[in-house]
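Taking the working numbering, the leading residue of the sequence shown gets 20, the next gets one more, and so forth. Where is the CB? At the ideal position from N, CA and C, for every residue including glycine. The block underneath contains the structure these notes are about, expressed in structure tokens.
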Amino acid sequence: MTAITESSRSRTAQRRSWWVDGLEAAMWLACACGIALMFASGGLLAQTATDWFYTLGRALGIIAAVLMMTQVLLASRAPWVERAIGHDRAIATHTRIGPVAIILLLVHLVLMTSMTGIYDGRSIVEQSLAWADYGWFMLFAQVAAAAFLVVLVTSVAAVRLRVPYERWHAVHMLVYVGVAFAVPHQFLEGSTFRSGGLAWWFWAALWTVSIGSFVVFRLVRPLVLMRRHGLTVESVDPHPDGSTTVTLAGRDLARLRARAGQFFLWRFLSPGLRTQSHPYSLSAAPGDRLRITVKDSGEGSARVRTLQPGTRVLAEGPLGVFTHGARSRRSLLLVAAGIGVTPVRSLLEEAGADDDVTVVIRARSREEAPLLDEVEALAEQRGARLEVILGARGQTWGAVDRPAAIGDLVDRPEDTDVYICGPRAWALQVEADARAAGVPRDAVHREEFGW
Ligand SMILES: Cc1cc2nc3c(=O)[nH]c(=O)nc-3n(C[C@H](O)[C@H](O)[C@H](O)COP(=O)(O)OP(=O)(O)OC[C@H]3O[C@@H](n4cnc5c(N)ncnc54)[C@H](O)[C@@H]3O)c2cc1C
20 MTAITESSRS RTAQRRSWWV DGLEAAMWLA CACGIALMFA SGGLLAQTAT
70 DWFYTLGRAL GIIAAVLMMT QVLLASRAPW VERAIGHDRA IATHTRIGPV
120 AIILLLVHLV LMTSMTGIYD GRSIVEQSLA WADYGWFMLF AQVAAAAFLV
170 VLVTSVAAVR LRVPYERWHA VHMLVYVGVA FAVPHQFLEG STFRSGGLAW
220 WFWAALWTVS IGSFVVFRLV RPLVLMRRHG LTVESVDPHP DGSTTVTLAG
270 RDLARLRARA GQFFLWRFLS PGLRTQSHPY SLSAAPGDRL RITVKDSGEG
320 SARVRTLQPG TRVLAEGPLG VFTHGARSRR SLLLVAAGIG VTPVRSLLEE
370 AGADDDVTVV IRARSREEAP LLDEVEALAE QRGARLEVIL GARGQTWGAV
420 DRPAAIGDLV DRPEDTDVYI CGPRAWALQV EADARAAGVP RDAVHREEFG
470 W
């Protein structure tokens with residue numbers, strides 16, 4: 020493995036934060052340019068209240084379109100987005116922006132319909148029906164609005180938690196139908212776009228980048244990878260704690276440039292599993308094999324145990340930034356609970372020979388701790404300190420009779436990168452403890468096993 024120097028680590032961490040800031044700045048710049056182009060095409064001719072509301076409707080449509088493009092880009096799994104932000108952060112941002120974008124689109128629809136109705140002497144209902152006379156693209160735009168509304172309603176937490184993930188996700192895909200049906204009306208009806216010239220090219224370029232990234236990285240790339248690497252299940256090994264390790268073989272896997280701590284979205288092409296794709300982290304440092312370890316957490320993960328060697332696999336990835344590439348400090352503390360051990364085990368395996376590493380494994384009992392034997396063997400081999408904290412949950416993130424504190428586990432918290440993976444509430448407690456002990460904010464890395 021190439022040695023990662025301290026200065027190259029801090030450069031990588033700094034580059035990542037520039038990327039994140041840059042992407043956000045690009046989004047607001049695109050909104051500002053879109054509105055400027057709208058004004059340049061005559062959007063300032065507002066004299067009456069109706070004009071003002073009409074102009075507001077157009078501006079909101081423009082902001083919503085930029086947010087929607089950002090949404091498509093964040094969900095595109097384009098490597099430059101994934102490496103910059105990290106998959107979980109991209110999904111979290113996608114979840115946060117989504118409702119805002121859809122609400123703005125719906126307000127745009129209401130304002131445009133009611134104000135155009137006032138100009139043309141129609142009620143809002145008459146104007147809604149009249150849109151179809153403007154051309155097929157306006158009918159499409161109405162279908163898009165209906166699709167967005169369904170996505171908005173099904174994404175409300177109360178509804179989402181009642182529906183199985185796979186079913187919710189299938190409905191969520193309607194958002195792409197919405198985007199595909201909404202885009203033509205922008206170009207064919209929106210006056211900013213119809214005027215051609217700079218505005219037309221500006222919007223065409225933005226949509227090409229976002230939709231193009233989606234098509235290339237979500238649809239085409241997984242098929243290319245399947246063809247190029249021919250990934251198949253090599254072996255399936257159930258463990259006494261209930262988890263199962265699956266080893267995957269394929270051609271030229273080094274070209275994937277996967278790193279310890281990353282994950283893929285796996286689709287096993289076997290009966291009952293081919294319609295589902297699930298994220299699982301690499302539980303061993305990638306080499307000429309890839310390896311995952313899966314805990315039975317529901318219908319899809321329970322079936323992993325029944326996989327047969329030779330099953331073909333469609334994988335999207337590698338994804339995530341929970342890797343050594345995110346490090347900027349001299350020492351390393353890896354903290355895992357339950358199945359959260361998977362990326363931590365692979366990070367331990369990939370740690371440099373002179374890295375100062377401490378590993379903490381938290382579990383109720385030895386019998387329930389996945390991969391504990393392997394972590395013990397690796398820690399000994401690498402000269403890493405290992406703390407195994409067993410027992411029922413106590414006041415801190417440790418056990419009742421074995422409280423844990425980051426300050427007691429590492430000598431110089433301010434010079435330590437802390438990697439945490441485990442159930443959310445527990446992981447937040449570890450993070451708070453790390454921060455209280457003096458670990459800098461940018462040195463805390465948390466992987467969540469749920470979005
Ligand atoms: C980045 C990441 C890495 C992960 N690594 C591992 C690992 O190494 N080992 C392991 O055992 N588990 C891992 N998980 C968790 C694993 O993906 C879920 O337990 C699994 O998808 C559950 O699916 P299910 O059909 O068995 O359960 P379900 O009952 O269908 O779902 C249980 C919960 O799992 C989540 N989930 C289900 N399907 C998906 C999906 N396709 N995408 C995202 N979330 C989903 C949902 O929050 C759902 O509420 C990881 C999750 C993430 C996000």
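Legend entry - Distance CB(Leu86)-CB(Ala45) smaller than 8 Å: A distance of 8 Å or more separates the beta carbons of Leu86 and Ala45.
Legend entry - With 16 other Cβ atoms within 10 Å as the buried cut-off, status of Gln400: The residue in question, Gln400, is exposed, as its Cβ has fewer than 16 Cβ neighbours within 10 Å.
Inset, instruction - Answer yes if the region 457-465 comes into contact with the region 381-395, meaning at least three C-beta pairs across the two stretches below 8 Å, and no otherwise. - result: The region 381-395 vs the region 457-465: no contact.
Legend entry - Residues near Tyr73 by beta carbon distance below 6 Å, same chain, minus five either side: In chain order, Met134 place their CB closer than 6 Å to the CB of Tyr73, counting only its own chain and leaving out the 5 sequence neighbours on each side.
Inset, instruction - Any chance you could list the alpha helix (DSSP H) runs of at least 4 consecutive residues sitting entirely within the region 326-401, in chain order? - result: Listed in chain order, the complete alpha helix (DSSP H) runs (minimum 4 residues) inside the region 326-401 are 360-369 and 391-401.
Legend entry - CB contact flag (Tyr438, Val354, <8 Å): Taking C-beta atoms as the reference points, Tyr438 and Val354 count as a pair closer than 8 Å.
Inset, instruction - Give me the Cα-Cα distance between Val169 and Val196, rounded to the nearest whole angstrom. - result: So the two alpha carbons sit approximately 12 Å from each other.
Legend entry - Check: Pro442 C-beta below 7 Å from any heavy atom of ligand 1: No, Cβ of Pro442 sits at least 7 Å from all heavy atoms of ligand 1.
Legend entry - Proximity below 8 Å, CB of Ser95 to CB of Ser296: No.
Inset, instruction - Work out the CA separation of Glu433 and Phe236 for me, nearest whole Å. - result: Those two C-alpha atoms are separated by around 38 Å.
Legend entry - Candidates Gly426, Gly413, Ile104 and Phe468, of which the one nearest Gly441 by Cα: Of Gly426, Gly413, Ile104 and Phe468, the smallest CA-CA separation from Gly441 is found for Phe468.
Inset, instruction - Compute the Euclidean distance between the alpha carbons of Gln448 and Val419, then round it to the nearest angstrom. - result: Taking the straight line from one Cα to the other gives about 15 Å.
Inset, instruction - Considering only heavy atoms of ligand 1, list every residue whose Cβ is less than 5 Å from one of them, following chain order. - result: Residue selection by CB proximity (closer than 5 Å to any heavy atom of ligand 1) returns Tyr184, Phe282, His297, Pro298, Tyr299, Ser300, Val313, Lys314, Ser316, Gly317, Glu318, Gly319, Ser320, Ile358, Thr361, Phe468 and Gly469 in chain order.
Legend entry - Segment limits, beta strand (DSSP E) that includes Leu275: In the DSSP annotation of this structure, Leu275 is not part of any beta strand (DSSP E), being labelled neither H nor E.
Inset, instruction - Can you say whether Gln146 is buried or exposed, counting buried as having 16 or more other CB atoms within 10 angstroms of its CB? - result: So Gln146 counts as buried.
Legend entry - Simplified DSSP state of Val463, which is helix, strand or coil: In the structure shown, Val463 adopts extended strand secondary structure according to DSSP, grouped into three states.
Legend entry - Assigned secondary structure, Asp107 (DSSP; H/G/I helix, E/B strand, else coil): Three-state result, Asp107: helix.
Legend entry - Euclidean distance between Cα positions of Arg454 and Gln205: Arg454 and Gln205 have their alpha carbons spaced roughly 47 Å apart.
Inset, instruction - Starting from Asp436, follow the beta strand (DSSP E) in both directions and report where the run begins and ends. - result: Here the beta strand (DSSP E) through Asp436 covers Thr435 to Cys440.
Legend entry - Cα-Cα separation, Arg346 to Leu366: Looking at the two C-alpha atoms, the distance is approximately 11 Å.
Inset, instruction - Assign Ile82 to one of two classes, buried (16 or more other C-beta atoms within 10 Å of its C-beta) or exposed (fewer than that). - result: So Ile82 counts as buried.
Inset, instruction - Tell me whether the beta-carbon of Leu301 lies closer than 8 Å to the beta-carbon of Leu288. - result: Their beta carbons are not under 8 Å apart, which means Leu301 does not touch Leu288 by this criterion.
Legend entry - Leu474, enclosing alpha helix (DSSP H) - first and last residue: A question about residue 474 goes unanswered here, because the residues of the chain that appear run from 20 up to 470.
Inset, instruction - Would you kindly work out how many angstroms separate the C-alpha atoms of Val91 and Trp219, rounded to a whole number? - result: In this structure, the straight-line span from the alpha carbon of Val91 to that of Trp219 is close to 20 Å.
Legend entry - Where the beta strand (DSSP E) through Phe471 begins and ends: Shown here, the chain extends from 20 to 470; a query on residue 471 therefore has no answer.
Legend entry - Val360 vs Val323 beta-carbon contact at 8 Å: No, Cβ-Cβ distance for Val360 and Val323 is not below 8 Å.
Inset, instruction - Ignoring anything shorter than 3 residues or poking outside the region 202-240, list the beta strand (DSSP E) runs there in chain order. - result: List check, beta strand (DSSP E) in window: nothing returned.
Legend entry - Segment contact, 8 Å Cβ cut-off, at least three pairs: the region 398-416 with the region 312-331: The region 398-416 makes no contact with the region 312-331, as fewer than three CB pairs between them are under 8 Å.
Inset, instruction - Please go through the same chain and pick out, in chain order, the residues whose beta-carbon is closer than 6 Å to the beta-carbon of Thr21, but skip the five residues on each side of it. - result: Low confidence applies here, because Thr21 scores a pLDDT of 41, under 50, leaving its location unreliable; read the following figure in that light. For Thr21, where only same-chain residues beyond five positions count, there are no Cβ hits under 6 Å.
Legend entry - Inter-stretch contact at 8 Å, needing at least 3 Cβ pairs: the region 245-262 / the region 326-346: In this structure the region 245-262 touches the region 326-346; the number of beta carbon pairs closer than 8 Å is three or more.
Inset, instruction - Confirm the yes/no value for this check: CB of Val85, any heavy atom of ligand 2, distance under 7 Å. - result: What this structure holds is ligand 1, not ligand 2.
Inset, instruction - Indicate the three-state DSSP secondary structure (helix, strand or coil) for Thr415 in the structure shown. - result: In the three-state scheme derived from DSSP, where H, G and I count as helix and E and B as strand, Thr415 is classed as coil.
Legend entry - Pairwise C-alpha distance: Val144 and Leu338: Distance between the alpha carbons of Leu338 and Val144: 47 Å.
Legend entry - DSSP three-state assignment for Ser300, whether helix, strand or coil: In the displayed model, Ser300 falls within a strand according to three-state DSSP.
Inset, instruction - At 4 residues or longer, and completely inside the region 139-186: list those alpha helix (DSSP H) runs for me, N to C. - result: If you keep only unbroken alpha helix (DSSP H) runs of at least 4 residues inside the region 139-186, you get 143-153, 155-174 and 176-179.
Inset, instruction - Let me know if Thr264 comes out buried or exposed under the rule of 16 or more other beta-carbons within 10 Å of its beta-carbon. - result: When all chains shown are included, Thr264 counts as buried.
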